[in-house]
Every structure is written in C-alpha cells, then in structure tokens.
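Peer 1:
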Amino acid sequence: MRGIVRAVNALPTSDLQARAARLVDELEAAVGSLDLAAALEVRAAVARLDQAIVSRVLIAALEAARKPAPPPAAALTLEEAAGRMGKSKSWLYHERKRLGMGHKVGGSLRFAAVDVERYLRFAATRKGRAS
3 MRGIVRAVNA LPTSDLQARA ARLVDELEAA VGSLDLAAAL EVRAAVARLD
53 QAIVSRVLIA ALEAARKPAP PPAAALTLEE AAGRMGKSKS WLYHERKRLG
103 MGHKVGGSLR FAAVDVERYL RFAATRKGRA S
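Here our numbering is used: the first residue of the sequence shown is 3, the next is one more, and so on.
#1: Could you check what DSSP says for L78 in three-state terms: helix, strand or coil?
#2: For F113, list the residues DSSP reports as bridge partners.
#3: For the putative contact between V118 and R86, defined by C-beta atoms under 8 Å, what is the C-beta separation to the nearest angstrom?
#4: Can you tell me which of the three DSSP states D91 falls into?
#5: For F113, does the count of other Cβ atoms within 10 angstroms reach 16, so buried, or fall short, so exposed?
#6: Using a Cβ-Cβ cut-off of 8 Å (strictly less than) and excluding sequence neighbours within five positions of Y121, which residues of its own chain qualify?
#7: Name the DSSP bridge partner or partners of K106?
#8: Is L29 helix, strand or coil by DSSP?
#9: Taking buried to mean at least 16 other C-beta atoms within 10 Å of its own C-beta, is L111 buried or exposed?
#10: Specify, as a first and last residue, the run of the alpha helix (DSSP H) that D37 falls within.
So, in structure tokens, the structure goes:
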C-alpha cells in the first residue's frame with residue numbers, strides 16, 4: 003500500500019484522480035482473493051491512507067480559512083450607506099444582518115458599495131411591482 007501512495011504522490015495532478023480511481027478498483031477486485039493476514043495488512047494500509055486524506059482535507063480547509071477576505075472595493079460608513087439607501091442610520095444598523103451587509107472594521111461599521119447598490123436595484127424592482 004505504501005508503494006501505491008508513493009505512486010499516487012508522484013503523479014501529475016491532472017492524472018491523480020484517474021489513477022487513484024483505478025487503484026481503488028484494483029484493490030476492490032483483489033480483496034476477495036486475500037488471505038486473512040493480507041486482508042488485515044491492506045485494511046491497516048487503507049486506514050493510514052484515510053488518515054492522510056483527512057489530514058490533507060483539514061489542512062486545505064485551515065489554509066482557506068486563514069486567507070483574509072478581500073477588502074471591499076469601496077467601503078462606506080454607516081452614515082454614507084444609509085444616505086445612499088434613503089434610510090436612517092438606525093434602520094440600517096438594525097437591518098444590516100437581515101440584509102447580509104455591513105462588517106466591523108476595527109471599531110467601525112463599514113458597508114461595501116456593491117452591497118448598497120445591489121439593495122437599491124432590488125428595492126427599485128420591488129417598487130416597480132407595487133405600482
């Protein structure tokens with residue numbers, strides 16, 4: 003099994019999934035002909051491989067989580083965003099989570115200009131339907 007892992011690791015990424023699928027198929031086909039000792043050895047190797055895969059997935063997830071979110075292209079203050087939206091600062095502060103906008107930056111609340119524009123387009127379409 004270690005030879006399989008080494009062989010898989012040596013493959014270019016583009017071939018990796020196809021090769022891994024073929025190796026799994028070969029192992030599944032061979033399981034029925036294994037004696038007990040060989041079956042236990044294969045089971046232990048598969049468990050090691052499973053641990054390695056889980057570790058790789060967790061590492062990838064942690065790496066992705068560590069990447070900081072890109073800053074909004076244009077960040078508006080609460081007052082600026084409320085003014086553009088034609089709403090009070092109090093309304094926007096209380097509705098921001100429901101609207102899915104607004105992020106704390108330091109101690110200040112900031113709104114992405116694209117989120118405010120998206121809200122304005124949505125509000126305009128709703129207003130058009132009500133008429």
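Ideal Cβ placement from N, Cα and C applies to all residues, glycine included.
Peer 2: Looking at the coordinates:
#1: Translated into the one-based positions of the sequence shown, residue 78 becomes position 76. Per DSSP, reduced to three states, the secondary structure at L78 is strand.
#2: Position 111 of the sequence shown holds residue 113. Residue pairing by DSSP places F113 opposite L78 in a beta bridge.
#3: In the sequence shown, the residue the question calls residue 118 occupies position 116. In the sequence shown, the residue the question calls residue 86 occupies position 84. That belief holds up - the Cβ atoms of V118 and R86 are roughly 5 Å apart, short of 8 Å.
#4: Walking along the sequence shown from the start, residue 91 turns up at place 89. Looking at the sequence shown, residue 91 is not Asp but Lys. DSSP places K91 within a helical segment (H, G or I) once states are collapsed to three.
#5: In the sequence shown, counting from the first residue as 1, residue 113 sits at position 111. So F113 ends up on the buried side.
#6: Here the question's residue 121 lines up with position 119 in the sequence shown. The beta carbon of Y121 lies closer than 8 Å to those of M87, L101, M103 in the same chain, with the five residues before and after it left out.
#7: Taking the sequence shown and counting its residues from 1, the one referred to as residue 106 is at position 104. Paired residue(s): L111.
#8: Reading the sequence shown from its first residue, position 27 is the one you call residue 29. L29 falls in the helix class under three-state DSSP.
#9: Taking the first residue of the sequence shown as position 1, residue 111 is located at position 109. L111 comes out buried.
#10: Here residue 37 refers to the residue found at position 35 when the sequence shown is read from its first residue. For D37, there is no enclosing alpha helix (DSSP H), as DSSP marks it with neither H nor E.
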